[in-house]
Amino acid sequence: MTLEIFSPARLAASSGVRRKEMSLLLNQLMQGHNYSRGMRKVELKSKFFELSFNVVTMMIAGKRYYGDDVEDAEEARRVREVMKAGLELCATSNVGDYLPVLQWVDFQGLERKMKGLMKRMDEFLQGLVDGRRNLLSNAAATGISGTEKKTVIDNLLSLQHSEPEIYTDEIIKGIVLENAMNS
2 MTLEIFSPAR LAASSGVRRK EMSLLLNQLM QGHNYSRGMR KVELKSKFFE
52 LSFNVVTMMI AGKRYYGDDV EDAEEARRVR EVMKAGLELC ATSNVGDYLP
102 VLQWVDFQGL ERKMKGLMKR MDEFLQGLVD GRRNLLSNAA ATGISGTEKK
152 TVIDNLLSLQ HSEPEIYTDE IIKGIVLENA MNS
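Residue numbers (our numbering): 2 to 184.
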């Protein structure tokens with residue numbers, strides 16, 4: 002997997018994605034600036050989060066989820082909701098960690114919330130995998146060459162084609178999730 006996905010050649014091939022996303026961010030910052038008013042403060046923390054998230058999702062799935070040129074605004078909204086819910090759950094203290102007897106009854110409802118969140122995340126990831134699979138099969142059926150930049154999911158699907166017993170959809174979703182979390 003490391004050779005197929007994270008090799009220096011694959012990372013170099015994705016440099017265009019990083020360059021384009023950085024250019025989009027700079028253009029957005031320049032458009033929002035009024036030169037006649039002089040200097041002003043710009044909150045960059047959220048902009049850098051959006052930049053890094055868009056770079057990762059472009060490399061993984063070929064889609065952007067933040068910005069003005071998002072393909073599917075409804076899907077982007079759902080992804081942002083899942084991300085927000087995940088961050089909120091990560092920041093929540095679990096009283097059951099300190100009083101194990103409360104784990105049996107899911108005192109705060111954290112286990113229920115986590116299961117719901119993971120179900121939504123699994124549906125989202127399956128949609129990404131199915132979408133890329135359909136895109137690749139349509140391109141192959143119409144005879145369009147694979148000159149388009151390949152995503153991580155595309156590479157994993159090609160591995161699935163050669164070794165289906167190893168690269169199941171569940172394994173692909175796990176790799177994608179792990180890749181997204183560690184990026």
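Positions of the beta carbon are idealized from the N, C-alpha and C atoms, including for glycine. Quantities reported herein were computed from a predicted structural model and do not represent experimental measurements.
Burial is judged here by how many other beta carbons sit within 10 angstroms of a residue's own beta carbon; G63 has at least 16 and is buried. One alpha carbon belongs to E76, the other to A92, and they sit about 25 Å apart. For V43, the three-state secondary structure derived from DSSP is coil. Annotation: the continuous alpha helix (DSSP H) that includes T143 extends over L111 to T143. Closest in C-alpha terms to L160, from the list R134, A142, N55 and T143, comes R134.
In the same chain as V130, and ignoring 5 residues on each side of it, the C-beta atoms closer than 7 Å to its own belong to I154, D170, I173 and K174, in chain order. If you ignore the 5 residues before and after L111, its C-beta comes within less than 8 Å of the C-beta of L90, T93, N95 and G97, all in its own chain and listed in chain order.
A distance of 8 Å or more separates the beta carbons of R113 and V83. In the same chain as D123, and ignoring 5 residues on each side of it, the C-beta atoms closer than 8 Å to its own belong to K174, in chain order. Between the alpha carbons of V177 and F108 lies a gap of roughly 32 Å.
DSSP places K151 outside both helix and strand once states are collapsed to three, so it counts as coil.
A residue is called buried when at least 16 other Cβ atoms come within 10 angstroms of its Cβ; R65 meets this threshold and is buried. The residue from E166, G132 and A141 with its alpha-carbon nearest to that of I61 is G132.
For a cut-off of 8 Å, the C-beta gap from E22 to V56 is around 5 Å, short enough to register as a contact. In the structure shown, L12 falls within a helical segment according to DSSP collapsed to helix, strand and coil.
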